[in-house]
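Notes follow the structure.
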Amino acid sequence: MLSKILLVTLCSVSSLWAEPQKNILLIVTDDQSPFTLSTYGNKVCHTPNLDKLAASGMVLDQAYHMGSMSGAVCTPSRTMIMTGRTLWHLPQLPRKNKKLKPAEVKLSQEITNNSLPAVFNRAGYETFRTCKVGNSFAPANKLFTTVRDKSNRGATEKDGSQWHGRQALEFLDTYEESKNEKPFLMYLGFSHPHDERTGRDDLNKKYGAVNTKTPPTEINPKSPKVPNTWLPAHPFHHGHPGLRDEVKVPGVLTSRTEATIRNEIGREYACIENIDEQLGLVMKKLEEMGELENTYILFTSDHGISVGRHGLTGKQNLYEHTWRVPFLASGPGIEPGSRAPGRGYLLDILPTVCELAEVPVPATAQGKSLKPVLLGEKKAVRDVLYGAYCGGTKPGMRSVRKGDWKLIKYDVLDGKVRETQLFNLKENPDELLAEHQAEEVVAATGIKPEALQVDLAEKPEYSEKLAEMEALLLSEMTRLEDPYRLWDQEQK
Numbered sequence: 001m002l003s004k005i006l007l008v009t010l011c012s013v014s015s016l017w018a019e020p021q022k023n024i025l026l027i028v029t030d031d032q033s034p035f036t037l038s039t040y041g042n043k044v045c046h047t048p049n050l051d052k053l054a055a056s057g058m059v060l061d062q063a064y065h066m067g068s069m070s071g072a073v074c075t076p077s078r079t080m081i082m083t084g085r086t087l088w089h090l091p092q093l094p095r096k097n098k099k100l101k102p103a104e105v106k107l108s109q110e111i112t113n114n115s116l117p118a119v120f121n122r123a124g125y126e127t128f129r130t131c132k133v134g135n136s137f138a139p140a141n142k143l144f145t146t147v148r149d150k151s152n153r154g155a156t157e158k159d160g161s162q163w164h165g166r167q168a169l170e171f172l173d174t175y176e177e178s179k180n181e182k183p184f185l186m187y188l189g190f191s192h193p194h195d196e197r198t199g200r201d202d203l204n205k206k207y208g209a210v211n212t213k214t215p216p217t218e219i220n221p222k223s224p225k226v227p228n229t230w231l232p233a234h235p236f237h238h239g240h241p242g243l244r245d246e247v248k249v250p251g252v253l254t255s256r257t258e259a260t261i262r263n264e265i266g267r268e269y270a271c272i273e274n275i276d277e278q279l280g281l282v283m284k285k286l287e288e289m290g291e292l293e294n295t296y297i298l299f300t301s302d303h304g305i306s307v308g309r310h311g312l313t314g315k316q317n318l319y320e321h322t323w324r325v326p327f328l329a330s331g332p333g334i335e336p337g338s339r340a341p342g343r344g345y346l347l348d349i350l351p352t353v354c355e356l357a358e359v360p361v362p363a364t365a366q367g368k369s370l371k372p373v374l375l376g377e378k379k380a381v382r383d384v385l386y387g388a389y390c391g392g393t394k395p396g397m398r399s400v401r402k403g404d405w406k407l408i409k410y411d412v413l414d415g416k417v418r419e420t421q422l423f424n425l426k427e428n429p430d431e432l433l434a435e436h437q438a439e440e441v442v443a444a445t446g447i448k449p450e451a452l453q454v455d456l457a458e459k460p461e462y463s464e465k466l467a468e469m470e471a472l473l474l475s476e477m478t479r480l481e482d483p484y485r486l487w488d489q490e491q492k
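Reading the sequence shown from the start, the letters are residues 1 to 492 in UniProt numbering.
Here it is in structure tokens:
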């Protein structure tokens, strides 16, 4: 009898000492390049709350999305976040012109049942989501306990980022008032800085920008300078004729002039600062609740974006400004002010948050947990990174990166455009091209590139490195079951 009493007493004391389960706050913006944040070198866009988040935890310098087979790049990227699946193994959904086979239906259902909200619902979490509508993985989105989705690309309390922020604050108010003892998983998504980049009047004024449907023709001297990688046109066709992001963005259309791009970047920064303000309110609320120290916060975006870089404005390319994503992480055990390459994909988020929360990683997830990196045990989870874009003409673009070396290949427009680019990112981190040495470009950017800050693919002294990277790309395409082959690769 005494032994039973002691056992009960020990169990009771143990439960009092047990640490509470960790909360998860996953913040996902829409169309945001890492180079819009000061932690990645931006000196103009004002984001004090994201700066504070970066300082309180870890910044990953090599975080990527794996790519897209659709012009709506956010659809596969957000599906990868939800499911942890690689690009060519995403769950299939029925379409008007395609009926799924029974095996495809079964696999898609299994993946859905092991998606981010499903896993955390089973683990006893209160799950909440606010984000834009569409271009994601709908079967998983509806599984959150609370869903408040709405596309908001305006600037007011009713149609701007303030709306998403308010949904998050209302959820936390209810959570606190009900004395909910469950841990929570909050997916806080914003509809900006995706175009139409409607900035608040006060923030547009700050960044010398105006909301407009037509491309500006005069430069406001208060507007941000064009990026280091600005070009008046890309040196060859990107391979997706009529692509909306390159010809129909309100306020830009087909213009790539300095006046147009500077205004659009000013609008983009206004949208980002507005998001930052909402994040500050959410983090303040967590602190007031006493939950901040018990919450892992991850900040990222569904992909990057060009906005004038390399003469492009969309997200349908594989340059670093668009292929990479921002990735900040803060929480218990993550050393403040730390950095690491990470070499992670968005599809690594599901296994990462599972391991941080000590929730079993579902067998359907194909990503790798970044927990060892975030806790300082490793610098990266992989050596090689692969990217693809083939939402336009096929087979499209492919990229591979290993160390400082990066290869991009283009096979588009039925063979009319076949290009290869080789970059040493240590020497040429902006992937500058010969076109960046033109007088007009140097005058606008204020950057005079070094002689070797160019595409090195055609230089004979780099032929061995080129061959090595070509072989590596084919190896990754084979490993990941890429269904296509490029013109100079052995066909399947």
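Glycine included, each C-beta is placed from N, C-alpha and C at the ideal position. Source: prediction; values computed, not measured.
In this structure the region 134-145 does not lie against the region 255-272, because fewer than three pairs of beta carbons, one per stretch, are closer than 8 Å. By alpha-carbon distance to P250, the top candidate from T198, I275 and K206 is T198.
For the pair of segments examined, the region 280-298 was found not to touch the region 218-237: the number of CB pairs separated by less than 8 Å stays below three. Short of 7 Å from the beta carbon of Y64, and not among the five residues preceding or following it, lie these beta carbons of its own chain, in chain order: W323, R324, V325, Y345, L385 and G387. No Cβ-Cβ contact shorter than 8 Å links S33 with I275. The beta-carbon separation of V359 and V119, rounded to 6 Å, stays under the 8 Å limit for a contact. Within the region 155-234, the alpha helix (DSSP H) runs of at least 4 residues that lie entirely inside it are, in chain order, 161-177 and 201-206.
Closest by C-alpha distance to Q162, out of Q92, K98, R418 and E273, is E273.
If only complete runs of 3 or more residues are kept, the region 311-370 shows the beta strand (DSSP E) at 327-330 and 338-340, in order along the chain. The continuous beta strand (DSSP E) containing D30 extends over residues N23 to D30.
In chain order, R398, T420 and L486 place their CB closer than 6 Å to the CB of K409, counting only its own chain and leaving out the 5 sequence neighbours on each side. Put simply, the region 417-436 touches the region 236-243. At least three CB pairs are less than 8 Å apart. DSSP places I408 inside the beta strand (DSSP E), whose first and last residues are W405 to V412. In terms of CA proximity to N294, G331 leads the group G331, G337, Y125 and D404.
Between P336 and G57, the beta carbon gap of about 6 Å places them in contact (Cβ cut-off 8 Å). Cβ neighbours of K394 within its own chain (closer than 7 Å, five residues either side excluded): Y484. H303 sits close to S77, with the two beta carbons spaced by under 8 Å. DSSP lists G342 as the beta-bridge partner residues of A380.
Nearest to A259 by C-alpha distance, out of G160, L281, T364 and T217, is T217. Judged by beta-carbon spacing, M66 lies within the 8 Å limit of L87, meaning their Cβ atoms are closer than that value. The region 166-179 makes no contact with the region 202-212; the number of CB pairs closer than 8 Å stays below 3. Rounded to the nearest angstrom, the Cβ distance from A340 to K315 is 25 Å, too far for a contact under 8 Å. In the three-state DSSP reduction, N424 falls in the strand class (E or B).
Between P224 and I265, the beta carbon gap of about 5 Å places them in contact (Cβ cut-off 8 Å).
With contacts defined by Cβ atoms closer than 8 Å, M469 and V373 do not form a contacting pair. Taking the CA atoms as reference points, E19 sits about 16 Å from G124. About 6 Å separates the CB atoms of K132 and D30; that is less than 8 Å, so the two are in contact.
Between the alpha carbons of V73 and G333 lies a distance of about 33 Å.
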